[in-house]
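Residue numbering for the sequence shown follows my numbering, starting at 7 and increasing by one per position.
Glycine included, each C-beta is placed from N, C-alpha and C at the ideal position.
First up is the structure itself, then whatever we jot down about it.
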Amino acid sequence: MTKAELVTAIAEKAGLNKAQAKDALEAFIDSVTASLKSGEEVRLVGFGSFVPVNRAAGTARNPRTGETVQRAASKTARFRVGEGLKSSLN
């Protein structure tokens, strides 16, 4: 599902027009991004959690050449699936 398809689905299910649905989706994304940037976990009960993760610097290997390179420390996010979502998929 693309972002445009998600906006359409939100608009239909929530009874909004597409512009309102797009604004709501972008507000959600911006809020989650801001929380993760500040190091906070975003927990949606029954759906899952977005968790900020700090990756330490280290060495990595280029699989094509076998060359070892240094990888800088970075921040990323992980999604942990909630029980409600997991049970609805199985």
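Contact set for residue i: own chain, Cβ-Cβ below 7 Å, skip 5 residues either direction
{"i": "residue 84", "result": "57, 59"}
CB of residue i within 8 Å of CB of residue j, strictly
{"i": "residue 90", "j": "residue 53", "result": "yes"}
{"i": "residue 28", "j": "residue 38", "result": "no"}
{"i": "residue 82", "j": "residue 74", "result": "no"}
6 Å Cβ shell around residue i - same chain, five flanking residues per side excluded
{"i": "residue 49", "result": "55"}
{"i": "residue 41", "result": "48"}
Cβ distance (whole Å) where residue i is taken to contact residue j below 8 Å
{"i": "residue 17", "j": "residue 9", "result": "Contact flag wrong, Cβ pair sits at about 13 Å."}
{"i": "residue 80", "j": "residue 61", "result": "5 Å"}
Minimum C-alpha distance to residue i - residue among the options
{"i": "residue 2", "options": "63, 41, 86", "result": "Any property of residue 2 remains undetermined from this structure, which presents the chain solely from 7 to 96."}
{"i": "residue 63", "options": "77, 22, 20", "result": "77"}
Exercise. Enumerated in chain order, which unbroken segments of the beta strand (DSSP E) with a length of 3 residues or greater are wholly contained in the segment 27-53?
Worked result: 48-50
Exercise. What runs of the beta strand (DSSP E), each 3 residues or longer, lie entirely inside the segment 50-87?
Worked result: 54-61, 64-67, 74-77, 80-87
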